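Enquirer: 392 is the number of the first residue of the sequence shown in the numbering used here; add one for each residue after it.
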Amino acid sequence: MGAADVLRGNDIGTMVTAAPALYPHMWSWDAAFISIGLAHLDVERAGQEIRTLLAAQWGDGMLPHIVYGDRGGYFPGPGRWGTAELSASAPDAPLTSGICQPPVHAIAVGRILEVARRGSAADRAAGERLVRDSWDALYRWHAWLSQYRDPDGTGLIGVVHGWESGMDNSPRWDGPYSAVVPGPDLPSYVRLDRELVRDGAERPTDVEYDRYLWLIEEMRRASYDPAKVYETSSFLVADVFVSAVFAVASDVLADLGAEFGAPAASVADLRAWAARSRAAVAASCSPSTGLARDFDRRANAWVDVQTLAGFAPLISGGLSADAERALLDELHGPRWAGHPDLVAKVPPTVSPDSEGFKSREYWRGPQWPVISWLFGWAHARHGYAAEAETLRGETLKLVGDGAFSEYYEPVTGEALGSRKQSWTAAVILDWLDR
Ligand code: 2M8
């Protein structure tokens with residue numbers, strides 16, 4: 392009931408905001424997870440969430456990372472991005488940001504369909520209508536990622552901003568960000584997030600924010616032309632986690648397409664993209680640690696920083712049986728989710744044994760229920776039911792305080808960041824109703 396109240400309370404009509412105060416708009420990958428939670432309350436409303444996001448799709452196929460509602464309250468807002476003025480592809484309405492986020496959307500539509508098919512005839516019809524209505528747009532979104540973020544066909548999808556990874560200030564990005572040097576002409580700005588999260592240790596630093604804003608300046612100067620952005624951005628990293636999500640979401644979308652009569656050539660594209668990305672994620676694994684690695688395309692070097700993203704092959708599959716087992720054991724073992732200092736056996740974003748571990752700082756250590764859900768979903772898909780069940784039970788323990796926080800301090804279990812975070816409530820609803 393608490394989780395349902397969070398979603399209903401954050402619902403402003405056509406969108407459930409990512410959080411009531413800190414994120415009062417729609418975020419792309421949040422919306423996908425939120426729609427999964429909504430499916431347990433009202434399948435039609437879940438479909439509407441996906442439709443609202445897809446209505447903001449750019450002409451070239453990109454799904455933007457923020458769709459702005461009509462309230463302000465977030466920086467950077469639409470004025471700072473200037474996408475409608477600068478880009479021929481961006482919609483005039485609704486206003487959006489100019490970057491994207493991990494492509495979890497097909498996973499959400501697949502999950503909504505599963506939930507809908509267990510419901511009434513009307514639910515089932517609503518779920519099937521959603522697949523029919525959204526398939527082409529989702530195909531175009533995947534085609535955009537393949538064309539513009541992997542133009543050389545490597546299988547690894549590039550991100551041009553840490554925000555595109557969803558794991559904004561992960562230590563994975565420290566190396567690539569060190570090469571982002573804000574110019575003296577970076578327009579001034581005032582952060583709003585620090586008004587809302589008073590403890591500075593829980594949010595990115597001002598130095599990080601200058602770099603985030605500088606990358607937006609660079610994109611504005613390229614008029615958000617995706618080929619130009621790929622060429623000119625001072626941040627360009629092939630992201631293993633995004634690539635793994637892309638692979639498995641392409642599989643899901645291909646399966647839905649095959650069932651619902653999508654064009655065979657498009658289904659074949661998706662299967663080919665999935666296979667290529669799955670293989671590339673598997674091939675990125677470090678010979679010494681077994682963890683998958685990002686590749687910094689500007690520095691032309693592997694990023695050898697160990698974070699939760701290194702377990703990306705458990706999302707996309709494609710490892711040998713032995714390597715997969717070893718990676719699974721590592722994730723649930725004493726360096727990660729099974730670390731003896733943790734209150735719940737939920738993977739932290741950085742291992743407490745790593746030098747870069749910061750127990751309160753955003754993507755540098757805390758546990759994120761939504762990420763645990765994604766690993767749990769992937770475990771179940773790949774036949775690791777016991778491990779999926781552990782993630783479910785342990786995360787439920789963590790969120791038992793009812794705060795539905797954005798993230799949690801792993802050693803004390805303290806709720807951090809925003810409260811009433813929609814995607815946290817949404818994944819809990821999905822986990823409670825199986
Ligand atoms: C966080 O990102 C936004 C920028 O997009 C922010 O820090 O202001 C991230 O956790 C991101 O993954 C998430 O989608 C967003 C909204 O929950 O917040």
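Note that beta-carbon positions come from the ideal geometry of N, C-alpha and C, so glycine has one too. Given the structure is predicted, the values throughout are model-derived calculations rather than measurements.
At what residues does the alpha helix (DSSP H) containing Asp-642 begin and finish?
Expert: Start and end: 631-651.
Enquirer: Please state the DSSP three-state secondary structure of Ile-457.
Expert: Ile-457 falls in the strand class under three-state DSSP.
Enquirer: Going by Cα to Cα distance, which pick from Cys-676, Glu-785, Glu-650, Gly-450 is closest to Gly-804?
Expert: It is Glu-785 whose Cα lies nearest to the Cα of Gly-804.
Enquirer: Buried or exposed for Leu-823, going by 16 or more other Cβ atoms inside 10 Å?
Expert: Leu-823 comes out exposed.
Enquirer: Pop quiz: Val-639 and Ala-769 are said to be a contact at Cβ under 8 Å. What is the actual Cβ separation, rounded to whole angstroms?
Expert: Right, their Cβ atoms sit about 7 Å apart.
Enquirer: Quick check on the burial criterion: 16 or more other C-beta atoms within 10 angstroms. Buried or exposed for Asn-691?
Expert: It counts as exposed.
Enquirer: DSSP three-state call for Ala-782: helix, strand or coil?
Expert: Contrary to the premise, residue 782 reads as Leu rather than Ala in this sequence. Leu-782: helix per DSSP, three-state reduction.
Enquirer: Determine whether the beta carbon atoms of Val-550 and Val-672 lie at a separation below 8 Å.
Expert: Not closer than 8 Å, so no.
Enquirer: For a test of your reading of the model: does the CB of Trp-822 fall under 7 Å from any non-hydrogen atom of the ligand 2M8? Yes or no.
Expert: No - the ligand 2M8 has no heavy atom lying nearer than 7 Å to the Cβ of Trp-822.
Enquirer: Is Ala-779 closer than 8 Å to Gly-767 when the C-beta atoms are compared?
Expert: Yes, they are a contact pair.
Enquirer: Measuring straight from C-alpha to C-alpha, what distance separates Gly-460 and Arg-594?
Expert: Cα-Cα distance, rounded: 23 Å.
Enquirer: Out of curiosity, what's the CA-to-CA distance linking Tyr-753 and Asn-560?
Expert: In a straight line, the C-alpha of Tyr-753 is about 7 Å away from that of Asn-560.
Enquirer: What did DSSP end up calling Met-363 once you bin it into helix, strand or coil?
Expert: Missing from the structure shown is residue 363; the chain here goes from 392 to 825 and no further.
Enquirer: Taking the alpha carbon of Arg-726 as the point to measure from, which residue in Pro-801, Cys-676, Gly-808 has its own alpha carbon closest?
Expert: Cα-wise, what sits closest to Arg-726 is Pro-801.
Enquirer: Let me know the secondary structure DSSP gives Met-610 once reduced to three states.
Expert: Note: Met-610 maps to helix in three-state DSSP.
Enquirer: Would the stretch 553-572 and the stretch 681-698 be scored as touching if the rule is three or more Cβ pairs under 8 Å?
Expert: Contact between the stretch 553-572 and the stretch 681-698 is present, because at least three Cβ pairs lie under 8 Å.
Enquirer: Can you tell me the Cβ-Cβ gap for Ser-426 and His-456, rounded? I've got them flagged as a contact below 8 Å.
Expert: Contact doesn't hold; Cβ gap of about 16 Å is too wide.
Enquirer: Hey, could you find the ends of the alpha helix (DSSP H) Val-620 is sitting in?
Expert: Val-620 -> alpha helix (DSSP H) spans 617-623.
Enquirer: Counting pairs of Cβ atoms below 8 Å between the stretch 727-740 and the stretch 695-702, do you hit three or more?
Expert: Verdict: yes, contact present.
Enquirer: Where in the stretch 516-558 do unbroken runs of the beta strand (DSSP E), each at least 3 residues long, occur, reported from the N-terminal end onward?
Expert: Counting whole runs of 3 or more residues, the stretch 516-558 contains the beta strand (DSSP E) stretches 548-550.
Enquirer: Within 7 Å: the Cβ of Gly-464 and any heavy atom of the ligand 2M8?
Expert: No, since every heavy atom of the ligand 2M8 falls outside the 7 Å radius drawn around the Cβ of Gly-464.
Enquirer: Check this for me: beta carbons of Ser-679 and Trp-664, under 8 Å apart or not?
Expert: Not closer than 8 Å, so no.
Enquirer: When burial is assigned at 16 or more other CB atoms within 10 Å of the CB, is Ala-513 buried or exposed?
Expert: Label assigned to Ala-513: exposed.
Enquirer: Please classify Phe-748 as buried or exposed, where buried requires at least 16 other C-beta atoms within 10 Å of its C-beta.
Expert: Counting Cβ neighbours within 10 Å, Phe-748 comes out buried, since at least 16 surround it.
Enquirer: Please specify which runs of the alpha helix (DSSP H), each continuous and at least 4 residues long, are wholly inside the stretch 657-745, giving them in chain order.
Expert: Complete alpha helix (DSSP H) runs here, min 4: 704-707, 712-723.
Enquirer: With respect to the alpha helix (DSSP H) encompassing Val-500, which residues constitute its N-terminal and C-terminal limits?
Expert: Residues 496-508.
Enquirer: Could you tell me if Asp-720 is buried or exposed, where buried requires 16 or more neighbouring beta carbons within 10 angstroms of its beta carbon?
Expert: Flag for Asp-720 reads exposed.
Enquirer: Would you check whether the ligand 2M8 has a heavy atom nearer than 7 Å to the C-beta of Ala-806?
Expert: No, Cβ of Ala-806 sits at least 7 Å from all heavy atoms of the ligand 2M8.
Enquirer: Alpha carbon to alpha carbon, how far is Arg-810 from Val-588? Give it in angstroms, no decimals.
Expert: Using only the alpha carbons, I get a separation of about 10 Å.
Enquirer: Do you know offhand how far Arg-442's Cα is from Glu-435's?
Expert: Arg-442 and Glu-435: Cα-Cα distance of roughly 10 Å.
Enquirer: Please state the DSSP three-state secondary structure of Leu-826.
Expert: This structure cannot settle anything about residue 826, because the visible part of the chain is limited to 392 through 825.
Enquirer: Here's a check: name, in chain order, each residue in its chain whose Cβ is nearer than 7 Å to the Cβ of Gly-557, leaving out the five neighbours to either side.
Expert: If we look at Gly-557 and ignore the five residues flanking it on each side, its Cβ neighbours are Trp-420, Gln-492, Pro-493.
Enquirer: Can you check whether the CB of Leu-733 is closer than 8 Å to the CB of Leu-718?
Expert: Not a contact, by the Cβ cut-off of 8 Å.
Enquirer: Which residues in the same chain as Ala-394 place their Cβ atom closer than 6 Å to its Cβ, once the five residues preceding and following it in sequence are excluded?
Expert: So the list reads Ala-816, Ile-819, Leu-820, once near-sequence residues are dropped.
Enquirer: Within 10 angstroms of its Cβ, does Met-417 collect 16 or more other Cβ (buried), or is it exposed?
Expert: Met-417 is buried by the Cβ-count criterion.
Enquirer: Considering just the uninterrupted stretch of the alpha helix (DSSP H) at Ile-819, what are its terminal residues?
Expert: Residues 813-823.
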